[in-house]
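Residue numbers (our numbering): -6 to 327. These notes concern the structure reproduced below.
Structure (structure tokens):
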């Protein structure tokens, strides 16, 4: 389904799938794995919820100044004491303590997240040596934020990623809440980081430009995490992906016949690229964000057919050129 010509990725077995092709086994590149880079995830929810005095919180705010400012917004408070009073109140809140206990059970071991994140950072550093590896913290956000990313820091709100069956859930539509699960954490982070390297033309406000932007973002995540299922990158179920490919010709015809590629009306663009339970302009059975999915296919075809490198692709801000030179055509169904 995703044709990648990176020498670092060795796909051992490719089998036919109703949506096109599906990678069922792969190897991570040893040259990337052998880099001298380690990732430590600091479990701040533990440190903050075991703190129980003003002095404890003063110590934590001084120990983690980047978190205190970048996440807690320390400078926005009248004084450090005001922030500490709020933290103490949260510490004493019974519902927050129950939520913390749930997070402790579900995320007692996050070595899988740490390992995936470490490989992803190694891969990004391999291709983009200027990448500065950020500090990584976990925290209990009280459903205020799922991820906070800056160039220096990542904060993962673990409560957002509790199982969908858990009593406590973020205030999100069901179709979005289902994507807030453990396997999505690292792909979400990598997709967000891709914006640092995803060159765009700010004067191009067409739907095509948006499609290519998201297509490059998903392509970036797949390139950095080649063994990750597409469903955890784009947030479709396997069944939805299969249906998209089964109806790719119809979807593409809809875009072409309605002259959508060069549409500039933000409302129209949102209908095809914005968050929604379905793309009702096409079908109530079609998943939302179909324009992003099409953009991903176009970008994949461009990288493959033009044989450009990964970094050359990300450096190219010309959506029109990427589209024209992609040779994109819907995959014929058997």
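Heads up, the beta-carbon is just placed ideally off N, CA and C, and yes, glycines get one too.
Whole-angstrom Cβ separation of residue 244 and residue 287, contact assumed at under 8 Å? Position 251 of the chain shown, counting from 1, holds the residue named residue 244. Position 294 of the chain shown, counting from 1, holds the residue named residue 287. About 7 Å; that satisfies the 8 Å criterion.
With a threshold of 6 Å on Cβ separation, who are the neighbours of residue 3 within its own chain once the five nearest residues in sequence on each side are excluded? As a working note, residue 3 is residue 10 in the chain shown. Residue confidence is low: residue 3 scores 28 on pLDDT, short of 50, so the model does not pin down where it sits. Its coordinate-derived value is still stated next. Cβ within range, chain order: 20.
**Request:** Return yes when the Cβ of residue 93 is within less than 8 Å of the Cβ of residue 133, no when it is not.
**Result:** As a first step, residue 133 must be located in the chain shown, where it is residue number 140. As a first step, residue 93 must be located in the chain shown, where it is residue number 100. At the C-beta level, residue 133 and residue 93 come within 8 Å of one another.
#### Entry: The alpha helix (DSSP H) enclosing residue 131, as first and last residue numbers
Numbered from its first residue, the chain shown carries residue 131 at position 138. Premise fails: residue 131 lies in the beta strand (DSSP E), 128 to 132, not in any alpha helix (DSSP H).
Item to check | N-terminal and C-terminal residue of the beta strand (DSSP E) that residue 249 is part of | outcome: Within the chain shown, numbered from 1, the residue matching residue 249 stands at position 256. Careful: residue 249 lies outside any beta strand (DSSP E), inside the alpha helix (DSSP H) at 241 to 250.
Query raised in the report: Based on the DSSP secondary-structure assignment, which residues constitute the bridge partners of residue 146?
Result: As a first step, residue 146 must be located in the chain shown, where it is residue number 153. In the DSSP output, where bridge partners are listed per residue, residue 146 has 128.
Within 10 angstroms of the Cβ of residue 223, are there 16 or more other Cβ atoms? Answer buried if so, exposed if not. Against the chain shown, residue 223 aligns to sequence position 230. Looking at its Cβ environment, which holds 16 or more other Cβ atoms inside 10 Å, residue 223 is buried.
Residue 37, DSSP secondary structure in three states
Reading the chain shown from its first residue, position 44 is the one you call residue 37. Residue 37 falls in the helix class under three-state DSSP.
* **Sufficient close CB pairs (3 or more, under 8 Å) joining the region 202 to 216 to the region 260 to 272** => yes
Practice prompt. Select from 151, 80, 314 and 319 the residue whose C-alpha is nearest the C-alpha of residue 298.
Written response: Counted from its first residue, the chain shown places residue 298 at position 305. Of 151, 80, 314 and 319, the residue nearest in Cα terms is 319.
Using 10 angstroms around the beta-carbon of residue 195, count the other beta-carbons present and answer buried if the total reaches 16, otherwise exposed.
-> Stepping through the chain shown from its first residue, residue 195 is reached at position 202. Exposed, because fewer than 16 other Cβ atoms sit within 10 Å of the Cβ of residue 195.
Tell me whether the beta-carbon of residue 130 lies closer than 8 Å to the beta-carbon of residue 60.
On the chain shown, position 137 is the one that residue 130 refers to. On the chain shown, position 67 is the one that residue 60 refers to. Result yes, Cβ atoms of residue 130 and residue 60 sit closer than 8 Å.
When DSSP builds the beta bridges, which residues end up paired with residue 140? Translated into the one-based positions of the chain shown, residue 140 becomes position 147. In DSSP, residue 140 forms a bridge with 149.
3 or more residues per run - each beta strand (DSSP E) lying fully within the region 24 to 92: 34 to 36
> Nearest-angstrom Cα distance between residue 159 and residue 250?
Replying inline: For this step, residue 159 is matched to residue 166 along the chain shown. For this step, residue 250 is matched to residue 257 along the chain shown. Distance between residue 159 and residue 250, taken at the CA atoms: about 44 Å.
*Apart from the five residues on each side of it in sequence, which residues of its chain come closer than 8 Å, Cβ to Cβ, to residue 68?*
On the chain shown, position 75 is the one that residue 68 refers to. 62.
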